[in-house]
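Residue numbers (the numbering used here): 1016 to 1093. Cβ coordinates follow ideal geometry from the N, Cα and C atoms, glycine included. What you are looking at is a predicted structure, and each value in this text was computed from that prediction instead of being measured. To keep things clear, I will list the structure first and then write my remarks on it.
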Amino acid sequence: MFHPTYYISVFTVCLGASTQFYSFGIINPVQELLTEWINETYIRRNGAGLDLTGMNIFWSFVVSSVAIGAIIGALLVR
């Protein structure tokens, strides 16, 4: 039912190490800029900023959404 190319692709994706370091190269360098923007937006909407714990929780959702989006995108590709 599946071509050998399909199995090679799945094997490569499962064992590939470069995708797990995407956040180190792309997401983490802009963390300070994005967290400042998130906090400024939160202040404008709610009148008070996020504390450090709240910001860390929010940032963890932002970073994990990149991985979740990549998984969903990979599943949707034919």
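Span of the alpha helix (DSSP H) holding residue i?
i	result
Leu1091	1067 to 1091
In whole angstroms, what separates the C-alpha of residue i from that of residue j?
i	j	result
Asp1066	Tyr1057	11 Å
Asn1054	Ser1079	18 Å
Glu1047	Ile1086	25 Å
Thr1050	Trp1074	7 Å
Ile1072	Pro1019	42 Å
Thr1068	Ile1041	23 Å
Ala1089	Arg1060	35 Å
Ile1083	Gly1062	31 Å
Assign residue i to one of three DSSP states: helix, strand, or coil.
i	result
Gly1040	helix
Phe1026	helix
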